[in-house]
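Be aware that the sequence shown starts at 0, since it is given in numbering that gives the first Met the number 0, and climbs by one per residue.
Everything on this sheet refers to the single structure shown next.
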Amino acid sequence: MRSTADDNPPVGAVELFFDLVYVLTIIQLSHYLLYDLSWQGAAETAVLFLAVWWGWNYTAWAMNWLDPEHAGVRGLLVVLMLAALGMAIAIPDAFGGRAALFAAAYVIFQLIRSAFMVAAFRGQVMGRNYAQLLAWSGFAGVFWIAGAFVPDDAQLVVWALAVLIDYVAPLVGFWLPGVGGTDMADWPLAEEHLAERNRLVFIIALGESILILGTLLSEIELSSSVVAAAVVGFATIVLLWWLYFSRRLGNAEHDAPERSEATAMARGAYAYAHALMVGGAIVVAVGIEQITHHPLEDAEWSMAGTVLGGPVLYLVGNVIFNAARTGVVPRSRLAALVALAVLVPFVPAMSALVLGIAALVVLAALAVVTGEIRTSTEPRAEQGAGQEAIGR
0 MRSTADDNPP VGAVELFFDL VYVLTIIQLS HYLLYDLSWQ GAAETAVLFL
50 AVWWGWNYTA WAMNWLDPEH AGVRGLLVVL MLAALGMAIA IPDAFGGRAA
100 LFAAAYVIFQ LIRSAFMVAA FRGQVMGRNY AQLLAWSGFA GVFWIAGAFV
150 PDDAQLVVWA LAVLIDYVAP LVGFWLPGVG GTDMADWPLA EEHLAERNRL
200 VFIIALGESI LILGTLLSEI ELSSSVVAAA VVGFATIVLL WWLYFSRRLG
250 NAEHDAPERS EATAMARGAY AYAHALMVGG AIVVAVGIEQ ITHHPLEDAE
300 WSMAGTVLGG PVLYLVGNVI FNAARTGVVP RSRLAALVAL AVLVPFVPAM
350 SALVLGIAAL VVLAALAVVT GEIRTSTEPR AEQGAGQEAI GR
């Protein structure tokens, strides 16, 4: 385990190595949605994303308490990488012939990590915490495995129930009959380490947009409309990055909340809010492909779902993030959500390119109104050491 004296441990090299598998996973998810933009396809993509995100999220939290330089911990992450790779290669046919592979890889991923934590912290409060988490993962795992063998029209429902169990577990403190739940104060957290892990995975998600855009441009004719759409897509990526990274909170030690409050805050800000923001970035990648590949075609509702839906998911997650960390709901983000909603009735009258420009204008206006884009920058020393506040 990590030294208790290290309040903000650096991200280990093996953690970055672990994230490489998630590059492939995000690519697979974006392509899964791209090839099926129906409601069914969107729901299936959401279930798959929520599963792989939860595996990554629990691993990021576990590494708060594990020493990445320890040989056993490195071995654990290598095994988890193999399981994550199994999930990634199963994604294209996860609701078909590779359902069992995806379910088995996911369940193994969750159980092995929690079992390792129970063993590593045996006799300690953290070991008890992870024993209860292990029980919940096993309970959800029953539905994951069962869902792989039910009729096709029932698989989505069973797996959605499994996702619900996984995501509810922390909210009820991993409560077990006769045992009770875990106290939030019993999950001491190095928040900056967790914040850095989430920043890195968000960059990976944005990278998928760059990859999709670059790959497409290398394969199609570069007409003026395609180039214009590519510029819009690239500008959208830049704005998402800018809105995410541009401003910091103050020093993390200032007005530090109680341990239980800090852990609850981190749970909302990272486990749940970042799921929406990373998911939104993946959907944005699909929307960029749509407007770049068909810039002058009439915007279809499925296209609008990605071009507008991606920013909406990001902003909703952004609102939850800020509310969890500061207790304040950023009105600027709510205004941007309203502006995106106002565009919906006009979708049938827009081309793909115009729709992309409209969404871009909303994001650009948000950046300007909140003062995110400035002609001068603050010195690093004045920005503080806390986690980036993603808007205000």
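Think of the CB as a built atom: it goes at the ideal place given N, C-alpha and C, for glycine as much as any other residue.
- Only residues of its own chain outside the window of five on either side were considered, and among them 80, 83 and 84 have a CB closer than 6 Å to the CB of residue 20, listed in chain order.
- Under DSSP, residue 297 takes part in a beta bridge, and its partners are 350.
- Three or more Cβ pairs closer than 8 Å define a contact, and the region 178 to 191 meets that threshold against the region 123 to 136.
- With contacts defined by Cβ atoms closer than 7 Å, residue 359 and residue 231 form a contacting pair.
- Residue pairing by DSSP places residue 23 in no beta bridge whatsoever.
- For residue 214, the enclosing alpha helix (DSSP H) has its first and last residue at 190 to 216.
- For the pair residue 112 and residue 320, the Cα-to-Cα distance works out to about 26 Å.
- With respect to residue 288, residue 215 sits close: the two C-beta atoms are nearer than 7 Å.
- Between residue 305 and residue 277, the C-beta spacing is not below 7 Å.
- DSSP places residue 355 in the helix class (H, G or I) of the three-state scheme.
- At the C-beta level, residue 115 and residue 75 come within 7 Å of one another.
- In the three-state reduction of the DSSP assignment, residue 179 falls in the strand class.
- Residue 294 is a Cβ neighbour of residue 352, given a cutoff of 7 Å.
- Inclusion of residue 43 and residue 94 in the CB contact set at 7 Å is warranted, their separation being smaller than that value.
- When C-beta atoms of the region 361 to 368 are compared with those of the region 323 to 343, three or more pairs fall below 8 Å, so the two segments count as touching.
- Bounds of the alpha helix (DSSP H) holding residue 310 are 308 to 325.
- Taking a contact as a CB-CB distance under 8 Å, the pair residue 32 and residue 285 counts as one, their CB atoms being some 5 Å apart.
- Shortest Cα-Cα distance from residue 47 to any of 268, 90, 150 and 290 involves 90.
- Rounded to the nearest whole angstrom, the CA to CA distance from residue 10 to residue 202 is 15 Å.
- With a 10 Å radius around the Cβ and a threshold of 16 neighbouring Cβ atoms, residue 118 comes out exposed.
- For residue 98, the enclosing alpha helix (DSSP H) covers residues 98 to 119.
- Within the same chain, Cβ atoms closer than 7 Å to the Cβ of residue 106 are found at 140, 143 and 144, the five residues on either side in sequence being excluded.
- Shown here for residue 315: same chain residues with a beta carbon closer than 6 Å to its own, the five before and five after excluded, namely 275 in chain order.
- Residue 51 and residue 361 have their C-alpha atoms roughly 30 Å apart.
- If the five residues before and after residue 356 are omitted, its C-beta is found closer than 8 Å to the C-beta atoms of 231, all from its own chain and listed in chain order.
- In this structure, residue 194 sits away from residue 290, with a CB-CB distance that is not shorter than 7 Å.
- Apart from sequence neighbours up to five positions away, the residues of its chain that approach residue 171 with a beta-carbon distance below 7 Å are 180, ordered along the chain.
- The Cβ atoms of residue 303 and residue 341 do not sit closer than 7 Å to each other.
- Looking at 301, 370, 185 and 187, the one whose alpha-carbon comes closest to that of residue 37 is 301.
- Check the Cα spacing between residue 264 and each of 354, 72 and 191: the tightest is with 191.
- With respect to residue 59, residue 196 sits close: the two C-beta atoms are nearer than 7 Å.
- In the structure shown, residue 65 adopts coil according to DSSP, grouped into three states.
- Close CB contacts of residue 185 within its chain, under the 7 Å cut and outside five residues either way in sequence, are with 124 and 128 (chain order).
- For the pair residue 354 and residue 270, the CB atoms are not nearer than the 7 Å cut-off.
- Linking residue 137 to residue 26 through their CA atoms gives a straight-line distance of about 28 Å.
- Within the same chain, 165 come within 6 Å of residue 53 by CB-CB distance, once the 5 residues on both sides are set aside.
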